[in-house]
Each structure stands twice: as structure tokens, then as C-alpha cells.
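Colleague: Take this structure, written in C-alpha cells, and hold onto it; I'll ask about it next.
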Amino acid sequence: MRRESSIHGQWSSKLVFILAATGSAVGLGNIWRFPYIAGENGGGAFVLIYLACILLIGLPIMMAEITLGRRGRQSPINTMATLSREEGLHRAWGFVGWLGVAAGFIILSYYSVIAGWSLSYVFRAAGGAFAGLDADGVRGMFNALVSDPERLLAWHTLFMIMNVLVVARGVRSGLEKAVKFLMPALFGLLLLVGYSMSQGHFMEGVSFLFKPDWSEVSGDTILLAMGQAFFTLSLGMGAIMIYGSYLSSRASILKTSATVVSADTAVALLAGLAIFPIVFASGLAPGEGPGLIFITLPMAFAEMPGGLLFGTLFFLLLVTAAWTSSISLMEPAVAWLVENRGFDRPMAAVIVGGIAWFLGLGTILSFSLWSNPIGFSLTIGGEATFIGGTLFEMADYLTSNIMLPLGGLLIALFVGWRMTQRSVEDELDLHSRVLFKAWYYVLRFAAPVGILLIFLKAVNLI
Ligand code: PHE
413 MRRESSIHGQ WSSKLVFILA ATGSAVGLGN IWRFPYIAGE NGGGAFVLIY LACILLIGLP
473 IMMAEITLGR RGRQSPINTM ATLSREEGLH RAWGFVGWLG VAAGFIILSY YSVIAGWSLS
533 YVFRAAGGAF AGLDADGVRG MFNALVSDPE RLLAWHTLFM IMNVLVVARG VRSGLEKAVK
593 FLMPALFGLL LLVGYSMSQG HFMEGVSFLF KPDWSEVSGD TILLAMGQAF FTLSLGMGAI
653 MIYGSYLSSR ASILKTSATV VSADTAVALL AGLAIFPIVF ASGLAPGEGP GLIFITLPMA
713 FAEMPGGLLF GTLFFLLLVT AAWTSSISLM EPAVAWLVEN RGFDRPMAAV IVGGIAWFLG
773 LGTILSFSLW SNPIGFSLTI GGEATFIGGT LFEMADYLTS NIMLPLGGLL IALFVGWRMT
833 QRSVEDELDL HSRVLFKAWY YVLRFAAPVG ILLIFLKAVN LI
């Protein structure tokens, strides 16, 4: 059965959906997470595996998620429940929706803290705080910020309020208006790449990013690359599914997905190309960790002509990009509260924001009071491994590398193996037999087998 629209509203055009989904995809994942994870994992080989995951796993699953969302036209929890009922399947498939909501809360909790760092850097950049700092100076500045829980709490709270304000206003006047600001962010990044190219270390950055050293690749590297692909495309937790539920029945799912995936990948690569030349030029190490962009970029802004303006603009755009992503992290849970618990939207947004805000305290303290890793040692395949970390590290690892790929796997299995081919074909509406066959094949075989193999490899079982 084809539903015309969701009770929460509908995007005013296909273009707005593309903007919204790109807004969800492009965020801290591209500009903050991608460079630091690539840096910690040796660059080239990691980047190539990440790109392969984007194409073979990310793109087909994004299409599947949008297809589900548009067919169910409700929050992911209810979409999964309704479609299972319609297709005569077990109710347990509703678990996919719940898994996504849980992942959304955990991601939002730390995402907002990192977005808070970015907010604070807007004011530092504008106030000229980077002038004359060397590598140790910028690192000192970053460490002073993250080890000050009260300051982090203030920025985290502010950012969460910004999210609640948008989500409370609903699809048309909240989400839709917010995403129209995203495009300048891409432009701002281009400027930074231009500067990096002029720094003489550009080729070093290029070879770090694209020259693979396969000897460094472990099962964990592959898992991290796949996790990054899911995280950056906002897949596996229902964000793209719910955005799909606000998409008109006439829009092409293939074209919109391809556009979103290309834009997202372009921004991540641009961010890498902007950051690594600066890393090498200033004698820093690529494996700096979560502070990487907050340590490298201020140095570039301190030196470049007009750095005060560009620096401020850049961090402002980073906040905007983070903002259009985090609203999509809230939306699945908010829509469910409205559908099933009878809350009005503003109240639902306050509840979801409040819970994520509270969970975020764990991340804030991960950089000061609770910075000692917690966990245990486990022997897998004859190798002793420490499992654990700070609360921030665990939240990030658990969501990106386990919950999102697991959600994606279940979505691929549901659409590929459990729904009837007719309903899938009808909703996806590809207008080409060959394309449909190719997509269906990848979704049924390549993507799930790939995810499973990567999971098995990560725990040394193969
Ligand atoms: N894709 C976003 C980013 O790259 C993060 C995100 C993950 C958003 C999952 C929604 C869902 O920053």
C-alpha cells in the first residue's frame, strides 16, 4: 500500500529532501571524525576501504532506508512495525527501529559535546585567540578547554537547546529552514583546501590520504572504515529512513541517494585534503586523536591572510553542519513520541534533547574526571585485547562500529530477503530492470555478506 504523506509533514520539494539528507550526512563525521580516524589508522589503506564501503554497502543501504521510510511514512519504529505487519512478518522486526533510537540517543549525547567545542572555537577565532600560537600553544589551548567540564557543559547545553528549538518547530518551518544554510559550509571548506594547496606540503597530504600501506591493515582497521561509512552517511539508525518518510512519492530514490552520497564523500575528502597538508607543514602527527582539527586548523588560520575572518567563518560553518546533522539524530525518537505517546512536538523535542543532554555528561567527564579508561582484558584468537575506554570512546565505538552496521545489516536483510520483491520494486520505482536487478543483488548479497565478514574479521574469527 502506498501512503501519500506522513502526519508530521512533507518536504516542500525533492531538492529540499536532498538538502536535508545531505545536511544530515555532512557534519562532524566528515570534518572532525574522518580526518582523525584516518590519521590514527595510517591514512591511505583506511581511506580506500572506507570508499569501498561507501559504494558497496552505504549507497545500496541508503536506498533501502529511504524506500522503507517512504513506504511506512512514520517514525522508524512504527514504519518497521507497520511494514512487518503488511508483509506478514514477525513483529520482532520492530527491534530495528528501537536499536536505531538507542543509537541516536548515544550518538547525539557525544555529538553535542563535540559541536560544543566547535561553538567555543567560533568565539576564539573571532577574538583572535590563535594569533602567534605554535603547535604546543594550540594543543595547550585545546587541552585547557576539554579538561574544563564546566565550560564544556555550558557549550553542550547551548548546542542542545539549538537542536530542540529547530526540531520543536517541525518539518517545514524547523528542519527545512535549517538545512538551507548548509551549502555555504561546503564552500568554506573549498577555501581552506585552496590555502592548503599553497602550503608546499599538499602532495604529502595527498599521498597520506591515498597511498595505501596494506601491511598496516588489521581487522579493526576495516571495521573502523566501515563504521565511518555508516556514521558519515547517517545510516543504520533511522535518520535517513525518517527523512525518506517526508519525501514525495514522485522523487527518484536512486538519484537523490547518489547525490547525497557523492556530496558527503566529497566533503570528507576535501576536509582530509585541507587538514593533512597543515599537519605535515606544522610538524604535527596525523594520529593526534579527537583534537586533530582543533589543533591543526587554528595554526593555519593564525598564519593565513584574512585568517581571523576565515577562521571564524569556518568554525561557524562547522557548527551549522553539525546542527543539520544532530536534528536528524533527534527526529526518529521525537516522531515516535508524537505518534505513540501523544506529546506535542515541542514537548517531545524537549524530552529527547533532555535525555541526550544528560547522557552527554559522560562524554564531558571523559576528558577530565573520568579520563581513565574502564574495561577488561579479553583473549580472542590467542591475542589479549583490552576492551573498553573512556565513556566517550565506548559510546563512539559502540554506535559507529557495532550498532549502525548492525542496523544496516538488518535493514538490508529486511528489504532484500523478507519484503516481497513487488513492494520493494513498487516503492523504489527505478524505471530500469537492469538497475533494479543490480541494486537488489548488491543489497541481498554483497552488502550483508560484506558487513558480516567485516564483523567476523574484527573479532579474529576469520
Ligand atoms: N552523518 C553525521 C555526520 O557525519 C552524523 C550522523 C550519524 C547523523 C547518524 C545522523 C545519524 O556528522
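Numbering of the sequence shown is given in the numbering used here, commencing with residue 413 and proceeding in unit increments.
We put the CB at the ideal spot given by N, CA and C, even for glycine.
What you are looking at is a predicted structure, and each value in this text was computed from that prediction instead of being measured.
Can you check which of these residues, 495, 747 and 638, is closest to residue 471 by C-alpha distance?
Modeller: 638
Colleague: Along the chain, where does the alpha helix (DSSP H) that runs through residue 738 open and close?
Modeller: Counting along the chain, the alpha helix (DSSP H) containing residue 738 begins and ends at 719-753.
Colleague: Tell me which same chain residues have a C-beta within less than 7 Å of the C-beta of residue 802, skipping the five on either side of it?
Modeller: 778, 782, 783 and 785
Colleague: Which complete alpha helix (DSSP H) runs does the region 481-525 hold, if anything under 4 residues is left out?
Modeller: The qualifying runs are 488-498.
Colleague: Residues in its own chain within less than 7 Å of residue 510 by CB, not counting five upstream and five downstream?
Modeller: 489
Colleague: Within the continuous beta strand (DSSP E) that includes residue 795, where are the two ends?
Modeller: 795-801
Colleague: Answer yes or no: the CB of residue 439 versus the heavy atoms of the ligand PHE, is any distance below 7 Å?
Modeller: yes
Colleague: Taking CB distances under 8 Å as the criterion, tell me whether residue 735 reaches chain B.
Modeller: In the structure shown, chain B cannot be found, because there is only a single protein chain.
Colleague: Is it the case that the Cβ atoms of residue 565 and residue 776 are separated by a distance below 8 Å?
Modeller: yes
Colleague: Say yes only if the C-beta of residue 519 is nearer than 7 Å to one or more non-hydrogen atoms of the ligand PHE, and no if none qualify.
Modeller: Yes.
Colleague: Cβ-heavy atom distance between residue 706 and the ligand PHE below 7 Å?
Modeller: no
Colleague: Skipping 5 residues on each side, what residues in its chain have a beta carbon closer than 6 Å to that of residue 527?
Modeller: Its chain contains 571 and 734 as the residues whose beta carbon lies nearer than 6 Å to that of residue 527, once the 5 sequence neighbours on both sides are disregarded; these appear in chain order.
Colleague: Is residue 644 near the ligand PHE, judged by its Cβ being under 7 Å from some heavy atom?
Modeller: yes
Colleague: Is the closest heavy atom of the ligand PHE to the C-beta of residue 741 under 7 Å?
Modeller: yes
Colleague: What residue range is occupied by the uninterrupted beta strand (DSSP E) comprising residue 791?
Modeller: From DSSP, the beta strand (DSSP E) with residue 791 extends over 786-792.
Colleague: Quick one, are the C-beta atoms of residue 485 and residue 418 less than 8 Å apart?
Modeller: yes
Colleague: So residue 455 is in the alpha helix (DSSP H); what residue range does that whole segment cover?
Modeller: From DSSP, residue 455 is part of no alpha helix (DSSP H); its letter is neither H nor E.
Colleague: Name the DSSP bridge partner or partners of residue 421?
Modeller: Partner(s): 418.
Colleague: Over the uninterrupted alpha helix (DSSP H) stretch that includes residue 543, give me the two end residues.
Modeller: Residue 543 -> no alpha helix (DSSP H), and no H or E assigned at all.
Colleague: Can you find the residues in the same chain that come closer than 8 Å, C-beta to C-beta, to residue 573, ignoring five residues on each side of it along the sequence?
Modeller: 765
Colleague: Is residue 651 near the ligand PHE, in the sense that its beta carbon is under 7 Å from a heavy atom of that ligand?
Modeller: yes
Colleague: Counting Cβ pairs, one atom from each stretch, are 3 or more of them under 8 Å apart for the region 606-622 and the region 456-464?
Modeller: Cβ pair count under 8 Å is three or more, so yes.
Colleague: Which residue wins for smallest C-alpha separation from residue 447, given the options 724, 686, 517 and 773?
Modeller: 686
Colleague: Decide yes or no for the touch test of the region 465-481 against the region 819-839: beta carbon pairs closer than 8 Å, at least 3 of them.
Modeller: yes
Colleague: Any contact between the region 491-507 and the region 828-837? By contact I mean 3 or more CB pairs, one from each, below 8 Å.
Modeller: yes
Colleague: What residues in its chain sit with their C-beta under 6 Å from that of residue 671, if we drop five residues either side in the sequence?
Modeller: 430
Colleague: Counting beta carbon pairs with one atom in the region 574-581 and one in the region 754-762, are three or more of them shorter than 8 Å?
Modeller: yes
Colleague: Given that a residue counts as buried once 16 or more other Cβ atoms are within 10 Å of its Cβ, and exposed if not, what is residue 626?
Modeller: exposed
Colleague: For residue 642 versus residue 650, is the C-beta distance shorter than 8 Å?
Modeller: The answer is no: Cβ separation not under 8 Å.
Colleague: Our contact map puts residue 421 next to residue 658 with C-beta atoms below 8 Å; I'd like the distance itself, whole angstroms only.
Modeller: Between residue 421 and residue 658 the beta-carbon gap is near 6 Å, inside 8 Å, which marks them as a contact.
Colleague: Taking contact to mean 3 or more Cβ pairs, one atom from each stretch, closer than 8 Å, check whether the region 710-724 and the region 543-555 are in contact.
Modeller: Inter-segment contact for the region 710-724 and the region 543-555 is present: three or more beta-carbon pairs are separated by less than 8 Å.
Colleague: Residue 782 lies in the alpha helix (DSSP H); which residues open and close that run?
Modeller: Here residue 782 belongs to no alpha helix (DSSP H), and DSSP marks it neither H nor E.
Colleague: Count the other CB atoms within 10 Å of the CB of residue 702; is the residue buried (16 or more) or exposed (fewer)?
Modeller: buried
Colleague: What's the gap between the Cα of residue 808 and the Cα of residue 690?
Modeller: So the two alpha carbons sit approximately 26 Å from each other.
Colleague: Rounded C-beta distance between residue 676 and residue 644? I'm assuming under 8 Å.
Modeller: Indeed they touch by this definition, with Cβ atoms about 6 Å apart.
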